[in-house]
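If you read the sequences in order, they're chains Y and E.
So for the first sequence, this note's numbering puts the first residue at 4; every next one is plus one.
So for the second sequence, this note's numbering puts the first residue at 4; every next one is plus one.
There are 2 protein chains.
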Amino acid sequence: MGKLTQSVEEYLEAIFKLTRDGTPATVGQVADAMGVSPPSASEMVRRLRAAGLIEDDRANGIDLTTDGRAEGARLVRRHRLSERFLVDVLDMPWDAVHDEACRLEHALSPEVEARLAAQLGNPRTCPHGQVIPDEDGELDEEPLRPLSALEPGDEATISCVTEEKADLLRYLASLGLLPDTEVAVESVAPFGGPVLVRVEGAQYALGREVAGKIMVRG
Amino acid sequence: MGKLTQSVEEYLEAIFKLTRDGTPATVGQVADAMGVSPPSASEMVRRLRAAGLIEDDRANGIDLTTDGRAEGARLVRRHRLSERFLVDVLDMPWDAVHDEACRLEHALSPEVEARLAAQLGNPRTCPHGQVIPDEDGELDEEPLRPLSALEPGDEATISCVTEEKADLLRYLASLGLLPDTEVAVESVAPFGGPVLVRVEGAQYALGREVAGKIMVRG
DNA sequence: GTCGCTGATTAGGCTATCCTAAGACCGTCT
DNA sequence: AGACGGTCTTAGGATAGCCTAATCAGCGAC
C-alpha cells in the first residue's frame with residue numbers, strides 16, 4: 004500500500020466511519036461527511052475503487068474492501084491515539100482535540116504510532132469514549148444504545164459521545180456527562196421532547212437530539 | 004497570516020534555512036533544497052513574494068520579509084520541537100526523527116506547539132544540537148566553526164550536526180560524535196584529506212566533508 | 001406506461017503544483 | 001565587440017482536487 008495523500012486518507016476514514024455499522028454508504032453521505040459536492044465525492048470514490056480500497060460492485064453502494072477497511076481502521080486508530088495524547092500528555096480540553104487530531108493523524112508513521120500507543124499505555128478508548136482499533140485494525144465494540152433510547156427508570160453508564168463538535172462537548176462536560184459516568188433516566192417527554200436525566204445527584208433536561216448522541220452501556 | 008499549504012510552508016522553511024547566514028538565496032538553491040526544478044521554485048518564489056513573505060526587490064536575490072522570517076522560524080521551531088519530542092518522549096533514535104518531524108511540523112497548531120514546548124521543558128536545542136527558535140521566532144546562536152576548520156592541537160565541544168541524513172547520523176553516533184562531546188584535533192591531512200580527531204579516548208579519521216558538517220564551539 | 005423526483009455521473013472549468021523545453025539576461029573571456 | 005555559459009523565466013502541458021450545471025438512471029405515483 005503506497006503512501007496515500009492526506010485527502011485520500013480523509014475520504015477513506017470518513018467512509019470507514021460511515022460503513023462501521025455494516026450498511027454500505029452512498030455518494031451523498033460521503034459528500035456530506037467530507038463537506039464537498041457530490042461530483043467530488045463520486046470522483047474520489049471512483050479512484051478509491053480503482054485503488055482497490057472500495058468494493059468493485061457498485062450495485063450494493065459504497066463498501067470498503069479488506070484493504071480499505073484495514074487502512075481506515077489504522078487512520079481511526081491514529082486519530083484516537085492523537086486525541087488521547089493531546090488530553091493525557093498535553094493536557095488539552097476534550098473539546099479541542101478532535102480538530103487537532105484531524106491534522107495529526109496524517110503525520111504519524113506506523114513507527115511513531117506504535118511508540119505513541121505504548122507510551123500512552125495502549126489506551127482502549129479515545130477521550131470521548133470511542134474504542135481505539137488495535138494494531139491490526141480490529142475494533143471490539145460492545146453493543147451500545149443511545150441515551151435517548153432509555154426508558155424512565157433505566158440506569159446506565161455513559162460509554163461515548165458520537166459527535167465531536169466543540170460546543171456540544173463543552174456543554175456535556177459542564178453537566179458532568181462524561182464517559183464512564185452513571186446516569187439515570189427520570190422521564191422522557193413525548194413527541195421528541197427532552198429527556199430528564201439524573202447524574203451525580205443533579206438533574207438535567209437534555210434535548211432528544213443531544214441524548215441521541217450519547218451512547219450508553221448497561 | 005492565513006493558513007499556508009504544507010507545500011508553501013516547506014518552501015518557506017527551506018528559504019529560511021538558506022538565508023540564515025544573512026546572504027540571500029538564489030532560485031537554484033531553493034530548487035535544490037526542495038528537490039524541484041528551477042521553474043517550480045521560481046514560480047513559488049513569485050507567489051511568496053506576492054504573499055509578502057519574500058522581499059520585493061528581486062535584485063538582491065531571495066530574502067524573507069519580517070513576516071516571512073517569523074513564519075519560517077515558527078516552522079523550524081515546530082520541526083525541532085517535534086524532533087525533541089520523538090527522541091525524549093517516544094525514545095526514537097536520533098537518525099530517524101528528521102523525516103518524521105518533517106511531516107509532524109505541519110500538523111502542530113500554535114496551541115499544541117506551546118503545550119508541547121512546555122511539556123518538554125522548553126528545550127533550547129533539537130537532538131542534533133541545533134537551536135530551537137523561541138515563540139517569537141528569535142534564534143540566539145553563538146558563533147560556531149566547523150570541525151574541519153580546527154587546527155591540530157585544538158580542542159572544542161561539538162555543538163551541532165548540520166546535516167540530518169540518517170546514515171551520517173548513525174555513523175557519527177557510532178563514533179560517539181554527539182552534541183556536547185569534547186573533541187581534540189590531532190592532525191589535519193593536506194589537500195582536503197582526513198581530520199584525525201580524538202574523542203573520549205578513541206581516535207578516528209574523519210573525511211573533510213563529514214568534519215565540515217560538525218559544528219563546534221570553544 | 002409515463003411523469004417526475006432523487007441521487008449519481010458526465011461535462012467543462014478553476015487552482016495549485018509539478019514537469020520539460022525553449023527563450024531571455026548577464027557577466028566573462030577572447 | 002561578440003560568442004559562451006550559467007541562471008532565471010516564459011510557454012505549454014500534466015495531475016489532483018474542487019466546483020457548477022447539465023444529463024442520466026431508477027423508482028414510486030398516477
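For glycine and all other residues, C-beta sits at the position ideal for the given N, C-alpha and C.
In the DSSP assignment, what residue or residues form a beta bridge with residue i?
| i | result |
| --- | --- |
| E/T68 | In the DSSP output, where bridge partners are listed per residue, E/T68 has none listed. |
| E/R148 | E/V219 |
| E/E122 | Residue 122 of chain E is actually Gln in this sequence, not Glu. E/Q122 is not bridged to any residue. |
| E/E158 | E/A187 |
| E/T128 | E/V134 |
| Y/I57 | Y/L67 |
| Y/Q206 | Y/R201 |
| E/V224 | Absent from the model: residue 224 of chain E. The displayed extent of chain E is 4 to 221, so no value can be given. |
| Y/A28 | Y/I65 |
Report all residues from its chain with a CB closer than 7 Å to the CB of residue i; omit the five preceding and five following residues, and keep chain order.
| i | result |
| --- | --- |
| E/G64 | P27, A28 and T29 |
| E/A214 | P149, L150, S151 and V198 |
| E/W97 | V90, P130, H131, L172 and A176 |
| E/D94 | none |
| Y/E189 | P155, L199, V200, R201 and Q206 |
| E/Q32 | L21 |
| E/G195 | R211 |
| E/S40 | A34 |
| Y/P136 | A76, V79, R80 and L142 |
Where does residue i land, buried or exposed, given buried means 16+ other C-beta within 10 angstroms?
| i | result |
| --- | --- |
| Y/A17 | buried |
| E/P193 | exposed |
| Y/K6 | exposed |
| E/E225 | This structure cannot speak to residue 225 of chain E, because chain E is shown only from 4 to 221. |
| Y/P42 | exposed |
| Y/P113 | exposed |
| E/T22 | buried |
| E/E138 | exposed |
| E/R127 | exposed |
| Y/G210 | exposed |
| E/A62 | exposed |
| Y/A44 | buried |
Out of the options, which has the shortest C-alpha to C-alpha gap to residue i?
| i | options | result |
| --- | --- | --- |
| E/H109 | E/L84, E/R61 and E/G31 | E/L84 |
| Y/D102 | E/H101, E/D102 and E/L111 | E/L111 |
| Y/T165 | Y/V115, Y/A120 and Y/L181 | Y/L181 |
| E/V115 | Y/R211, Y/V92, Y/L178 and Y/P136 | Y/V92 |
| E/N125 | E/D94, E/E86 and E/D157 | E/E86 |
| Y/E185 | Y/D170, Y/G156, Y/R211 and Y/G195 | Y/G156 |
| Y/L107 | Y/Y207, Y/L209 and Y/Q9 | Y/Q9 |
| Y/E167 | Y/E189, Y/G210, Y/C105 and Y/P136 | Y/C105 |
| E/D35 | E/E212, E/E13, E/T128 and E/A54 | E/E13 |
| Y/G55 | Y/T68, Y/Q133, Y/M37 and Y/G221 | Y/T68 |
| E/A121 | E/E158, E/R81, E/A44 and E/L147 | E/R81 |
| Y/Y174 | Y/P136, Y/A99, Y/P146 and Y/K20 | Y/A99 |
| Y/R77 | Y/A159, Y/C163, Y/A169 and Y/V134 | Y/V134 |
| Y/V11 | Y/D59, Y/S40, Y/D60 and Y/G75 | Y/G75 |
To the nearest whole angstrom, what separates the beta carbons of residue i and residue j, a pair I think is in contact under 8 Å?
| i | j | result |
| --- | --- | --- |
| E/I161 | E/D183 | 7 Å |
| Y/V219 | Y/L153 | 7 Å |
| Y/N123 | Y/F88 | In the sequence as presented, Asn is not what sits at residue 123 of chain Y; that position holds Leu. Confirmed, Cβ separation roughly 6 Å. |
Could you pull out every residue in the same chain whose Cβ sits closer than 6 Å to the Cβ of residue i, ignoring the five residues on either side in sequence?
| i | result |
| --- | --- |
| Y/W73 | For clarity, residue 73 of chain Y is Ala in the given sequence; the question names Trp instead. Within the same chain, Y/A73 has close Cβ partners G140. |
| Y/M47 | Y14 |
| E/G221 | A159 and T160 |
| Y/L147 | S162, M218 and R220 |
| Y/A187 | E158 and R201 |
| E/A208 | P197 and L199 |
Please confirm whether any heavy atom of the ligand MG lies closer than 6 Å to the CB of residue i.
| i | result |
| --- | --- |
| Y/R77 | Judged by which ligands are present, the structure shown has none, so any question about the ligand MG falls away. |
What does a CB cutoff of less than 8 Å around residue i pick up in its chain, not counting 5 residues either side in sequence?
| i | result |
| --- | --- |
| E/G179 | V202, E203 and A205 |
| Y/I57 | I18, V48, L51, I65, D66, L67, T68 and G71 |
| Y/A169 | D98, A99, H101 and D102 |
| Y/A117 | E138 |
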